[in-house]
Amino acid sequence: MNKKRIFTLFLFISLISALYARKPKTAESRYPKLIVALSPSAAEILFTIGAGDQVSAVSEFTDFPAEAKAKPVVGGFDGKTLSIETIMSFKPDLVYLTEGMHNFLISTLESNGIAYYVSKGESIASVEKEIIEVGKITGHEKEAAKVVDDMEKKLKKAAGAANKDGPIKVYWEVWNAPYMSAGSTSFINDVIKAAGGENIFADLSDAYPMVSEETIIAREPAVILIPASTGLESSAVGLRNGWADIPAVKGGRVFVVDDNVYTRPGPRVADVVLELSDLLK
């Protein structure tokens, strides 16, 4: 557990102890009741483990589950559209942050004595760990364990269905003007690997590096994944200069996928891995 998460747990326990020092302690009194979730994945995790009633506000792009969409909106996902004043107006006893994106809020939260939890979301394993930790913090430990157990079953099923001849070469296109893909430190790289694929740019350490069209063609991906948010149709990929002979194009294995789900570090990642493992067969 990293230092920020240790601080979160320590501060939260200290705050609750002080708050209820003069009141009879109950099991319910130990847990946060006004959680501000600053990312779609944070809200999804909270609702999935049964802590939805403890959520007081969510970010603008929160879209799952439906109950989460009905919560008040605190601002956008990124730091540009978030203000500490708006967050504080919800009187949170826990703020659920995303590492990097929301670091600018930490010092103010600490100075105001507000507990926070920092999501890393760097891999499937880190998502499972996060679900367990958030379950303990919110009083939904058993539900969280059940969610992770269900995820593991799906991941094992996907692993069992993997191509027996070895990993399938996959190109994930983030953008095409300029071309950007996913490197070894990206979340989608871990998803591709878990589904039995081999990210053709796993040798690059940047999470989302710019790549050349020539390199994409030369690495001959057997499957190409196009995020739906780009607005591209799968047929458009084969019309690019020099792409017609790429194995994925020749084999009709260019797929448009819902990147809103594929790249979200939450409980549904296990379903994504299962779906992708079918596409890679």
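Mapping of the sequence shown onto mature numbering (1 follows the signal peptide of the UniProt record, and there is no 0): residues -20 to -1, 1 to 261, in sequence order.
Cβ atoms here follow ideal geometry from the backbone N, Cα and C, with glycine treated the same way.
Which residues in the same chain as residue i place their Cβ atom closer than 8 Å to its Cβ, once the five residues preceding and following it in sequence are excluded?
i: L14; result: Q34, S36, F70, K71, P72, D73 and L74
i: Y188; result: V154, M160, S161, A162, G163 and S166
i: K(-18); result: The predicted model places K(-18) with a pLDDT of 47, which falls under 50 and marks its position as unreliable; any figure quoted below should be read in that light. There are no such residues.
Could you give the distance in angstroms between the alpha-carbon of residue i and the alpha-carbon of residue j?
i: K116; j: L18; result: 19 Å
i: F181; j: V171; result: 14 Å
i: M81; j: G222; result: 38 Å
i: A125; j: L212; result: 39 Å
i: E123; j: S106; result: 18 Å
i: Y159; j: K109; result: 33 Å
i: N156; j: A208; result: 13 Å
i: A138; j: N92; result: 45 Å
i: L(-2); j: D130; result: With a pLDDT of only 36 at L(-2), under the threshold of 50, the placement of this residue in the model should not be trusted, and no figure is reported.
i: K134; j: K149; result: 22 Å
Which of helix, strand or coil does DSSP assign to residue i?
i: Y242; result: helix
i: F181; result: coil
i: V237; result: strand
i: T42; result: coil
i: K149; result: strand
i: T210; result: helix
i: G55; result: strand
Evaluate residue i with the Cβ neighbour count: other Cβ atoms within 10 Å of its Cβ, from every protein chain shown; 16 or more gives buried, anything less gives exposed.
i: V53; result: exposed
i: L219; result: exposed
i: W152; result: buried
i: F27; result: buried
i: E24; result: buried
i: N179; result: buried
Give the single residue among the options whose Cα lies nearest to the Cα of residue i.
i: G101; options: L260, R244 and V252; result: R244
i: residue 269; options: V16, H120, V237 and A202; result: Examination of residue 269 is not possible in this model, given that the chain is present from -20 through 261 alone.
i: T88; options: I64, Y76 and L256; result: I64
i: A31; options: R199, E47 and V217; result: E47
So, at 6 Å on beta carbons, what are the nonlocal neighbours of residue i in its own chain, with the 5 sequence-adjacent residues on each side left out?
i: G55; result: T61, L62 and T66
i: I168; result: W152, A162 and T243
Which same chain residues, not among the five before or five after residue i, have their C-beta less than 7 Å away from its C-beta?
i: G246; result: S21, E24, I25 and V107
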